[in-house]
Amino acid sequence: MDFGPYLLLATLEGAVGAAVLALTALGLSLVFGVMRIVNVAHGAFFMLGAIVAWWVADTLAAGPALNFLAALVISPLAVGAVAVLAERLVLRRLNYNPESTIVATIGLLYVIEQVALMTYGPDARPVVAPLDFRVQLPWFGYSGYKLLVIGASIVVMLAVWWGLTRTRIGLMMRATQFDSETARAFAIPVDRVYGGVFAFGAMLAAIGAVLVVPIQQAHYLMGNDPLLLSFIVVIIGGLGSLRGTVLAAVIIGLSDGIISVFFSPTLAKIIATLIVAMILVIRPKGLFGTQSA
Amino acid sequence: MVESVKPNRKKQISGVSRRKALAGLGGAAAGATVSGVLPGFVRYAQAQTSAPIKIGFQVHRTGIGAAYGRWYDRTTRAAAQLINESGGINGRPIEIIAEDDGTDPKRGAEVVEKFATQHGADVAFGTLFSHVVIGSAPRAGELKIPYFVVSEGHHVASGILNRYTLQPGITDVKSQVQSMAPWVASNLGKKVTMIYPDFAFGHDHRDYFSAAMAAQGGEVIGKIAIPPTESSFFKYFPKIPRGTEVLYHVMVGPGVLTFVKEMGEFFGSKRPEIFGFIDSLEAVSINSPGLEFLEGSYFWEANPRYAQAKSSKFDAFYRAKVGVDETGASVDDPKDIATYSHMFGCWETLHTIKQGMEAAGYRGPGDRAKLIEAVEAIDNMEESQAHPQGAKIFNGKTHQVFGHQFISKVGGGKLNVVHKTSIEDGFYKDEVDYTSQPL
């Protein structure tokens, strides 16, 4: 294949990766930014989202498009409910202590993974893509659904941005992120904001997972890679920064796609983690990190 | 033992005198010593009471081999039930002790150790993934427990393992690809690009198919290795060189459906000839959405998934016993597709263990060396209920069996056999003589 089309393919693959990664990493970033919690179970929420999506599609059996739309609604809600439960039963009782919550979320990761293994089983199962068309370019064909994923991700991210900057709830979240003590003094229900943010972060991961299931299939170990990449993105972008997260997701997603295509996927991961190390050395707060981080 | 003449109250309640307790302790200690020093003694006693022969079943219940593990499990249990119904081995029933190895070499070695030391298994059996076999076999050799693998890898016959590791139920990759190459070269094309998983099993494909194609005047012009845990494959397809006449693919793990689907997205209708190992679609329906482009492409099969007009009555019997219908799906769930080209190996290996144990007059772990020698002495295996995939020839020196292979064409949503190789097509020069190693 010539260089031009080859690069186009690599960029498309990278953009799809970046789109899903941005959603997942955004969830992780929000949770860290507002709650100061490193949520190691974030990848497990991602996986749970995919598995619920498969389950919804399998139970409903109402045609690919309807199945998928139902999954897109039900799966994030279900995952959000699990996250609220985890927040109430575990994180709140630990007073959101940074060290304890890391250990607790590692435990949560194992619990979710094992429950998935015990109930859903060890198989990889597909959800049929809601639309079945293939874009035939002069050099190669491309899945139309993958292009839809990019679009859907952009829409969700715009909605999140709008929600954070233009709504009252967004204002409360930003206030809590800025200074939770003062926010409490201004009668912001910080506890409820925490619960909501934790659930919302998990829901973003679930949305990313529902989008990816028709491409990759649901599998109980599928959360590991997104978790690692999300951490990389969040560290590069600056903990708690929305635009930093999005920018870093695009950088990492595209470089991952392009390097994987031209060289090898392992090299892509090596470079991504190397960038993280360099960022930590040169700009410990990340590209757009705030002082309080 | 006599109770004390004047038992005190306490003794009456417990019913145990000091002397009795001491005697009991002594007896227990003596028993422990005897069984510790002479484990064979105790086991002979068990053998006389028809205690079961314990077969440690190393199964990929989780990890990337899980789909295979599920079907290896079903096949193994069906075969064990059949053997037990027809009188067991040497009059003793067999008991399958399954342990999950997580498709992980390190855990695999631990599982083999557990069989030998904790479960007191007579033999270990059933491993598929080549990295797990290669990780576990040295431990089996050290513990001197016969290790019957159902793996396809060339590692047994290549000589890198040991005398305690045998593969009597399934042909190895080297033999498979060697018997495929002449047909591929003369029917599909001579310029081949290979896509294979980047570990021992895939490397066997790469090395031996390349050599076999070269022998046919063909050439492998592209070699694309994919990490076994990869979940997205689209990015690999642009590496397929121009001028590729035949695309040869073999893939394993949870991503196989994604792999084949993305191949279809990439090529559309302008595809080269495609020749795949059914591994790429084991446990996956050939009629899954997105696989329509496979129509007219070819697959290697070790055992045809769809019952053919020429299928033997033994195949029908085997299908019924394991619970597989004529389309290769579970009789209970049409969505649950079997790993039909691999799992027969478990069935046939268990029958070979039975044959070996009966020939050796096997009574317990003390006879393990005799069992190895008895299996090494097996050569011809007739097509039968014990060997439903077909006749085979076992090479006692290389510990590897050789059988027929099939090439099937996808047509009308089915796999239809178009070519069957002879056993001799897959023969190659011995690379090892395990019988020269000490037992």
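Sequence order for the protein chains is A and B. Going letter by letter, the first sequence gives residues -17 to 275 in my numbering. Going letter by letter, the second sequence gives residues 2 to 440 in my numbering. The C-beta atom is built at its ideal place from N, Cα and C for all residues, glycine as well.
**Request:** For chain B, find out if any of its Cβ atoms is closer than 8 Å to the Cβ of A:R116; answer yes or no.
**Result:** Taking Cβ atoms only, chain B reaches closer than 8 Å to A:R116, which makes this a yes.
**Item:** At least 3 beta-carbon pairs within less than 8 Å: the segment 421 to 428 of chain B vs the segment 177 to 186 of chain B
**Value:** The segment 421 to 428 of chain B makes contact with the segment 177 to 186 of chain B: 3 or more CB pairs, one atom from each, lie closer than 8 Å.
**Message:** In the DSSP assignment, the beta strand (DSSP E) including B:P169 goes from what residue to what residue?
**Reply:** Its beta strand (DSSP E) spans residues T166 to T172.
**Message:** Quick check: the Cα distance between B:Q177 and B:P139, rounded to an integer number of angstroms?
**Reply:** Cα to Cα, the separation comes out at about 25 Å.
**Message:** Between A:I197 and chain B, is any beta-carbon pair separated by less than 8 Å?
**Reply:** Yes, contact with chain B.
**Message:** Between A:F122 and chain B, is any beta-carbon pair separated by less than 8 Å?
**Reply:** Taking CB atoms only, A:F122 has a neighbour in chain B less than 8 Å away.
**Request:** Return yes when the Cβ of B:Q168 is within less than 8 Å of the Cβ of B:S152, no when it is not.
**Result:** Yes, they are a contact pair.
**Request:** Taking C-beta pairs closer than 7 Å, name the residues in chain B that A:H201 reaches, listed in chain order.
**Result:** Under the 7 Å cutoff, chain B gives P255.
**Message:** Check whether chain A comes within 8 Å of B:H132, counting only Cβ atoms and requiring the distance to be less than that.
**Reply:** The C-beta of B:H132 comes no closer than 8 Å to any C-beta of chain A.
**Asked** Does the beta carbon of B:D431 come closer than 8 Å to any beta carbon on chain A?
**Response** No, B:D431 lies away from the interface with chain A (no Cβ there is under 8 Å from its Cβ).
**Sheet register partners of B:L248 (DSSP bridge)** = Per DSSP, B:T194 and B:I275.
**Request:** Go ahead and pull the three-state DSSP assignment for B:I161.
**Result:** Here B:I161 sits in coil by DSSP.
**Prompt:** Any C-beta of chain A sitting closer than 8 Å to the C-beta of B:E266?
**Reply:** Taking CB atoms only, B:E266 has a neighbour in chain A less than 8 Å away.
**Sequence-distant residues of its chain with Cβ nearer than 6 Å to A:L262 (five each side left out)** = Excluding positions up to five away in sequence, the list is empty.
**Prompt:** What did DSSP end up calling A:W121 once you bin it into helix, strand or coil?
**Reply:** It is coil, neither helix nor strand.
**Request:** Please name the residues in the segment 59 to 77 of chain A whose beta-carbon is closer than 9 Å to at least one beta-carbon of chain B, in chain order.
**Result:** For the segment 59 to 77 of chain A, which is checked against every Cβ of chain B, not one residue is closer than 9 Å.
**Request:** Using three-state DSSP, classify A:R116 as helix, strand or coil.
**Result:** Three-state result, A:R116: strand.
**Prompt:** Got a sec? Which residues, its chain only, sit under 6 Å from A:Y(-12) by beta carbon, not counting five neighbours each side?
**Reply:** Excluding its 5 nearest sequence neighbours in each direction, A:Y(-12) has no C-beta neighbour in its own chain below 6 Å.
**Prompt:** Using DSSP with H/G/I as helix, E/B as strand and the rest coil, what is B:S211?
**Reply:** In the three-state DSSP reduction, B:S211 falls in the helix class (H, G or I).
**Asked** Does the count of Cβ pairs from the segment 165 to 180 of chain A and the segment 92 to 109 of chain A closer than 8 Å reach three?
**Response** Verdict: no, contact absent.
**Prompt:** What residues match up with B:L416 in a beta bridge as DSSP calls it?
**Reply:** B:V411.
**Request:** Rank B:P147, B:E374 and B:T340 by C-alpha distance to the C-alpha of B:D280 and give the top, closest one.
**Result:** Relative to B:D280, the option among B:P147, B:E374 and B:T340 whose CA is nearest is B:T340.
**Message:** Determine, for B:G414, whether the minimum Cβ-Cβ distance to residues of chain A falls below 8 Å.
**Reply:** Closer than 8 Å: no.
**Prompt:** Which partner residues of B:E302 appear in the DSSP bridge assignment?
**Reply:** Looking at the DSSP assignment, B:E302 forms a beta bridge with B:F407.
**Prompt:** Under a CB-based cut-off of 8 Å, is A:G133 close to chain B?
**Reply:** No, because no Cβ of chain B sits closer than 8 Å to the Cβ of A:G133.
**Message:** On a Cα-Cα basis, can you pick out the residue from B:H343, B:P366, B:E384 and B:G391 that is closest to B:T77?
**Reply:** Each of B:H343, B:P366, B:E384 and B:G391 was checked against the Cα of B:T77, and the nearest Cα belongs to B:H343.
**Asked** Residues of chain A with a CB under 8 Å from the CB of B:R62: which are they?
**Response** Correct list: P104.
**Asked** Are the C-beta of A:T(-7) and some C-beta of chain B separated by less than 8 Å?
**Response** Using beta-carbon distances, A:T(-7) does not count as an interface residue toward chain B, since no partner is under 8 Å.
**Request:** Under 9 Å between beta-carbons, which chain C residues line up against B:A68? List them in chain order, please.
**Result:** Within the model displayed, chain C is absent; protein chains A and B are what it includes.
**Asked** Using the beta-carbon count (16 or more within 10 Å), is A:G183 buried or exposed?
**Response** So A:G183 counts as buried.
**Message:** Just to confirm, is the Cβ distance from B:P229 to B:D208 under 8 Å?
**Reply:** No, the Cβ-Cβ distance between B:P229 and B:D208 is not below 8 Å.
**Prompt:** Counting Cβ pairs closer than 8 Å, one from the segment 71 to 80 of chain A and one from the segment 232 to 241 of chain A, do we hit at least three?
**Reply:** Too few Cβ pairs lie closer than 8 Å, so no.
**Request:** Name the two residues that bound the continuous alpha helix (DSSP H) containing A:E81.
**Result:** Boundaries of the alpha helix (DSSP H) harbouring A:E81: P80 to T101, taken from the DSSP string.
**Asked** Interface residues of chain B around A:M204 at Cβ under 8 Å?
**Response** Those are S232, listed as they occur along chain B.
**Request:** Starting from A:Y(-12), find everything on chain B with Cβ-Cβ shorter than 7 Å and list it in chain order.
**Result:** The contacting residues are P239.
**Prompt:** Which class does B:G223 belong to by DSSP, given the choice of helix, strand or coil?
**Reply:** In this structure, B:G223 counts as strand in the three-state DSSP scheme.
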